[in-house]
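Those sequence lines, one after another, are chains W and E.
Here the first sequence stands for residues 5 to 661, where the numbers follow this note's numbering.
Here the second sequence stands for residues 259 to 744, where the numbers follow this note's numbering.
Please read the structure below before turning to the comments.
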Amino acid sequence: MFENMQLIYVAIPLSCLVASIIAGVFGKKIGRAGAHTITISAVALSFVLSLVVYFDVLAGNKFNGSLYTWAISGGVPFEIGFLIDELSATMMAVVTFVSLMVHIYTVGYMHDDPGYQRFFSYIALFTFAMLMLVMSNNFLQLFFGWEAVGLVSYLLIGFWFQRESAIAANLKAFLVNRVGDLGFLLGIAAIAFLFGSLDYSAVFSAAPQAAAVTVPFLGVETTWITLICLLLFVGAMGKSAQVPLHVWLPDSMEGPTPISALIHAATMVTAGIFMIARMSPLYELSETALSVVMVIGAITAFFMALIGLVQNDIKRVVAYSTLSQLGYMTVAMGASAYAAGMFHLVTHAFFKALLFLAAGSVIIAMHHEQDMRAMGGLRKPLPITYLTAVIGTLALVGFPGFSGFFSKDAIIEAVHLSKLPGSGFAYIALTAGVFVTSFYSFRLLFLTFHGRPRMDQEVRRHVKESPWVVTVPLVLLAIPSVVIGAWYVEPMLFGGFFGESLKVLPEHDTLAQLAHEVPDATGVELLLGIMLHGMLAPPFWLFLVGAIAAWVMYIDKPELPGKLAVKFSAIYRTLMNKYGFDEFYERVIARGIRSIGHVFWQIGDAKVIDGWMVNGTARVVGWFSGIIRHIQTGYVYHYAFAMIIGLFLLMTLFLKF
Amino acid sequence: MNGTLNVTPAIPELFVFTMACLILVVDLYIRKEQRVISYGLTLLTLGVGALLSLSSFSAEPVFTFNNMFVDDALSDVVKIAICLITLVVFVYSRDYIEARGLYKGEYFVLGLFAVVGMMVMASANHFLVLYLGLELLSLSLYSMVAFQRDSALATEAAMKYFVLGALASGMMLYGMSILYGLTGSLDIPTVRQAVGGMSADDVVLIFGLVFVLVGLAFKLGVVPFHMWVPDVYHGAPTSTTLFIGTTPKIAGFAIVIRLLIGGLEDLHGTWRDMVIILAVLSIGTGNLIAIAQTNLKRMLAYSAISHMGFMLLGILAGTPTGYSAAFFYILVYAFMSLGAFGMILLLSREGFEADELDDLKGLNQRNSWYAALMLLLMISMAGIPPAVGFFAKLSVIQAIIDVNLVWLAVIAVLFAVVGAFYYLRVIKLMYFDPPDEGVQAIEAATDLKVVMGVNAWAVLLVLPWIGPIQQLCLTAVASVMNGFVS
């Protein structure tokens, strides 16, 4: 059994890699059908095997070991290895399932695209990279996966490379992620320096002893662990789009919609969350880091949700919603409610992928129109899309019983119980965020599917439901969006589902405290108890208010939003400008760096290095070489003379009388 | 040593020598069109010579001819390398010498005599045997340079080579005679013992050492005893240049090891400083003057000078790893040099020598495969990773850093960077300059093309086996260091 399991572990990512290579290299030969058949089969295989691994892990069969040693440098081995436990098995199942759905969906969505094979090659490659990331048992492989998913994300955002906006967006994503990755790499370097190892288990077991070691950093005396956690969190801020490194995610919507669902909602952007959960033995040792994580997450959760209120592009609304939900997960990490954060990650993966794919389905029906102001009344022609979108929305806003309700409520409650600095602010931000979330979600729903149709007659006549390859994934994603929360709330939050893979110190254990507040029951009784409890708490009422407000503004009195925008024009403009992050980065940071670069280029490089050092040396060498070549006169007696001189030289130097 | 004569250790030499005489006779009786028989016999001789050397391979030295001759790991590796490389030299040369009327039995026989000379050098355990081999090699080479009798350039080169070679031989012989006077023996192990009992500051001893060293320096072509190198490389028929530029370097390394390490290692402290001077001058001058060259053969001649300087770095380190690094370096160099000169032969045609740098212009457009091969060779010669030339440079530099000669390593690396210029210029000419008007297509025989391809790609493909090869080099030099204790 053990031997076989290792083979399965290897096969899960490798089947995706092989399929990606085949679809990428031989795409022309195998054709469109060949490309999607091979990648879908490979990902389906990965998914099935991931399920096997998942149940195997639940049965208590875990694995931590290296499969291949790449190099040993300075006593630190660089290895490829797998750590298969509850955390990674859950991620593997989620990643492969969503990926499979997206693969199938893509067959319909990208139907007429000339880059069909290339697209399948990329998403299969992404699945491989993401699996390597979550399965890793060491920091090097984590970094490899981290960079690889970033690379594929870059390639896919710029998939339509003829569009200037797509190129700008993928460059932006790449550059912003570089900032995060620099922090991440420094964090890994600090780990290698402090622990002399890159292996998770070695680092985690040595961490408690190293917790007290301090280091001066930027003039402040801090512990190594805090420094490491903060540096790693910088990486997570880039990858999981937390303020202020969030600016790339909305622009990434330039990529095809399946990508937005898979990479920029369900999986890659949650890599940062996963990483923090994985590093929980480190983060637990630094309350400073936890506080920072919580505050950053809370800022993202609330303020990004606000921007979602004023967006008109259907995908951008969902994108800001993703930012906000990532903020919720980050706050959960900061509150040491890792299990709740992971729980939300899983539920979010399903309902957000669902929402994106539903938005994609609308976009197909609208012939690639994305502005909600030109939609409306699509409920009738797109019944399946409408229904699944409603399910996704209810899950997102946390309607009792739907998956998002359980996970989001758990986070809010956990933050409420947290005693770390900043938890008060985080609690208010998250609770208020529920209202905003509800408002923009129902706004999207009302603007798109209800009300008077606002599109041209021409478009209107052609609007029809998407093909089955599109609707089947919607339905398949809608099912877990409803039930997964109820199904897993008990084991994941209170049942110690994640076992040893997450570590929480007793004094931080907000979920354990939370367990005291829920009814002491199991099964349906517990679910009902939690729902009842939830309905009495402020988030539920905020959600209701948000939904009603959206109804009033977009169905009942459609002229109201325009008036409000005029009346509160300062706020409206601030939101439309996304608080000016983009302008600040462009005008101050980008321009500043460019002008510094210009100075280095003109003076440092062109003048000093190229002018004096490189060309100067070359001139001197060339001149000298031209002179000494004349020693070679061609006369044999000159040659003999040189030999004699050489002989005498050696003798005078070395003969000591 | 009793009265019986054990010739077993010398079988490779005896075989090649006998075959050379046989080919000389056979060649008299065949018609011009049948000359391929002599050619084939020559290749066969070299191949079998290599096999015989391989079969006698043993880590333990075997002495014969009254201890004048030794068969140890060093001699075997050197002999195998010499036979195989000479074999390739003749494969490369055939079309070229055929087109220039040099395709004669004598050419092959001279080549084989030179090979015998080099093999004797590799196995010499006695000053006179060593000198004998050296002179056999030199005389054969003088004739091979002059073989193109109607070429004024070749004749002039041969005259220069001969006159200066005679001078150098004289100096070396004089040095040996002084050592003989001091120690009363020409037998290398005996000399070693006697020198071990003397003061390292002994004036007469150092006097002798200087003369021996000058002789060696001339044969290797290091500054300031290098003046013959560019003129001979340039003037000789390219096939001969190819020969001079490859195997004699390996044989030269063998006698350096025999004399300096085998015989005079106790004077290491003294000759080390002399060799440092020679090495620095060679690396510097070779690389600097190479930049100013417009002729590819002359450029490669100066490159050879600088490469010999690099090889000396390993020798002067004075450690087993240093010697083995030098050995590795010289083997790699001979191999790269074989490819580079081979490429000139391949690009040459009847009545046209492709030996000017401008002849390489736009090679990529004319034949991208050959351009790629030349690119590999140039990268390797410049010492750019991952080509094997980089590892050769790395190991000698590592060796001198190990003995705390960091300043020397810095100089060597700086000049290697300067040297990279002229190798890269070749690449630039091939890939970025348009070809001249009216150049003809390149035609070459299939065997030549195949061997050339293998030769060039080997600079990359050999990488996985660098470890074992370096280990072999270490075994070879260790056999000398231990063997003479007998």
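Virtual Cβ for every residue (Gly too), placed ideally from N, Cα, C.
Please decide whether residue i counts as near chain E, where near means a Cβ-Cβ distance under 9 Å.
i, result
"Val640 (chain W)", "yes"
"Met5 (chain W)", "Low per-residue confidence applies at Met5 (chain W): pLDDT is 45, beneath 50, and the placement is therefore not dependable, though the value from the model is reported in the following sentence. Chain E, which has no Cβ nearer than 9 Å to the Cβ of Met5 (chain W), makes this no."
"Val618 (chain W)", "no"
"Tyr643 (chain W)", "yes"
"Ala75 (chain W)", "no"
"Ala15 (chain W)", "no"
"Ala2 (chain W)", "It is not possible to answer for residue 2 (chain W), since the shown part of chain W is limited to 5 through 661."
"Ala3 (chain W)", "A query on residue 3 (chain W) cannot be resolved here, the shown segment of chain W reaching from 5 to 661 and no further."
For residue i, return the contacting residues in chain W, with the cut-off set at a CB-CB distance below 8 Å.
i, result
"Ala537 (chain E)", "Within chain W, no residue comes near Ala537 (chain E); the closest Cβ sits about 13 Å away, beyond 8 Å."
"Lys477 (chain E)", "What Lys477 (chain E) touches in chain W: nothing, since even the nearest Cβ is about 12 Å away."
Is there a Cβ from chain W that is less than 9 Å from the Cβ of residue i?
i, result
"Ser744 (chain E)", "Residue placement at Ser744 (chain E) is poorly supported in this model, since its pLDDT is 37, which falls under 50; the coordinates are not used for a value here."
"Phe649 (chain E)", "no"
"Thr543 (chain E)", "yes"
"Met259 (chain E)", "Bear in mind that the predicted position of Met259 (chain E) carries a pLDDT of just 46, short of 50, making it unreliable; the figure below should be weighed with that in mind. Chain W, which has no Cβ nearer than 9 Å to the Cβ of Met259 (chain E), makes this no."
"Phe465 (chain E)", "yes"
"Gly741 (chain E)", "Its pLDDT being 49, under 50, Gly741 (chain E) is placed unreliably by the model, and nothing is read from it."
"Lys337 (chain E)", "no"
"Met417 (chain E)", "yes"
"Phe690 (chain E)", "no"
"Phe469 (chain E)", "yes"
"Val453 (chain E)", "no"
"Phe586 (chain E)", "no"
"Ala583 (chain E)", "no"
Applying a beta-carbon distance threshold of less than 7 Å, which residues of chain W neighbour residue i?
i, result
"Lys507 (chain E)", "Residues of chain W passing the Cβ test: none, with the nearest at roughly 19 Å."
"Thr528 (chain E)", "Phe658"
"Val403 (chain E)", "Within 7 Å Cβ-Cβ: nothing; Val403 (chain E) doesn't reach chain W, min ~14 Å."
With distances taken from CA atoms, which of the options is nearest residue i?
i, options, result
"Ala424 (chain E)", "E:Pro726, E:Val449, E:Leu395, E:Phe511", "E:Leu395"
"Cys233 (chain W)", "W:Glu288, W:Phe199, W:Pro212, W:Lys423", "W:Glu288"
"Val273 (chain W)", "W:Ala27, W:Ile300, W:Gln329, W:Val56", "W:Gln329"
"Val224 (chain W)", "W:Thr292, W:Val99, W:Ile12", "W:Thr292"
"Val56 (chain W)", "W:Thr392, W:Phe221, W:Ala97, W:Met539", "W:Ala97"
"Met434 (chain E)", "E:Leu522, E:Val487, E:Val708", "E:Leu522"
"Thr496 (chain E)", "E:Val684, E:Val533, E:Val646, E:Leu554", "E:Leu554"
"Leu539 (chain E)", "E:Trp723, E:Tyr400, E:Leu666", "E:Leu666"
"Val438 (chain W)", "W:Asp375, W:Phe547, W:Ser485", "W:Phe547"
"Tyr324 (chain W)", "W:Glu83, W:Lys582, W:Leu398, W:Leu179", "W:Lys582"
So residue i contacts chain W; which residues on that side make the cut at Cβ distance below 9 Å?
i, result
"Met532 (chain E)", "Leu654, Leu657, Phe658"
"Met429 (chain E)", "Met647, Leu651"
"Leu517 (chain E)", "Under the 9 Å cutoff, chain W gives no residues; its nearest Cβ is about 16 Å from Leu517 (chain E)."
"Val472 (chain E)", "Met647, Gly650, Leu651, Leu654"
Mind checking which residues open and close the beta strand (DSSP E) that includes residue i?
i, result
"Phe221 (chain W)", "218-221"
"Thr227 (chain W)", "224-227"
From which residue to which residue does the alpha helix (DSSP H) around residue i run?
i, result
"Thr271 (chain W)", "First-last for Thr271 (chain W): undefined, no H or E at that position."
"Ala667 (chain E)", "664-690"
"Met532 (chain E)", "526-549"
"Glu590 (chain W)", "Segment: none, Glu590 (chain W) is in no alpha helix (DSSP H) and carries neither H nor E."
"His642 (chain W)", "640-658"
"Val421 (chain E)", "410-441"
"Tyr558 (chain W)", "Premise fails: Tyr558 (chain W) is in no alpha helix (DSSP H) and is neither H nor E."
Note down, in chain order, every chain E residue with its Cβ under 9 Å from the Cβ of residue i.
i, result
"Ile632 (chain W)", "Thr543, Leu546, Ile547, Ala550"
Report the neighbours of residue i on chain E: residues whose CB is nearer than 8 Å to its CB, in chain order.
i, result
"Gly626 (chain W)", "Ile549, Ala550"
"Ala646 (chain W)", "Pro482, Phe483, Met485"
"Gln636 (chain W)", "Met485, Pro488, Asp489, Ile547"
Give the residues of chain E in contact with residue i, contact being defined as C-beta atoms less than 7 Å apart.
i, result
"Ser2 (chain W)", "Residue 2 (chain W) is absent from the model: chain W starts at 5 and stops at 661."
Of all the beta strand (DSSP E) runs that stay within the bounds of the segment 320-403 of chain E, which reach a length of 3 or more residues?
320-322, 327-329
Could I get the ranges of all uninterrupted beta strand (DSSP E) runs contained in the segment 68-118 of chain W, with 3 residues as the minimum, in chain order?
80-88
Which runs of the alpha helix (DSSP H) spanning at least 4 residues fall entirely within the segment 485-527 of chain W, listed in chain order?
514-521
May I have a chain-ordered list of the alpha helix (DSSP H) segments no shorter than 4 residues that lie completely inside the segment 470-508 of chain E?
486-493, 496-502
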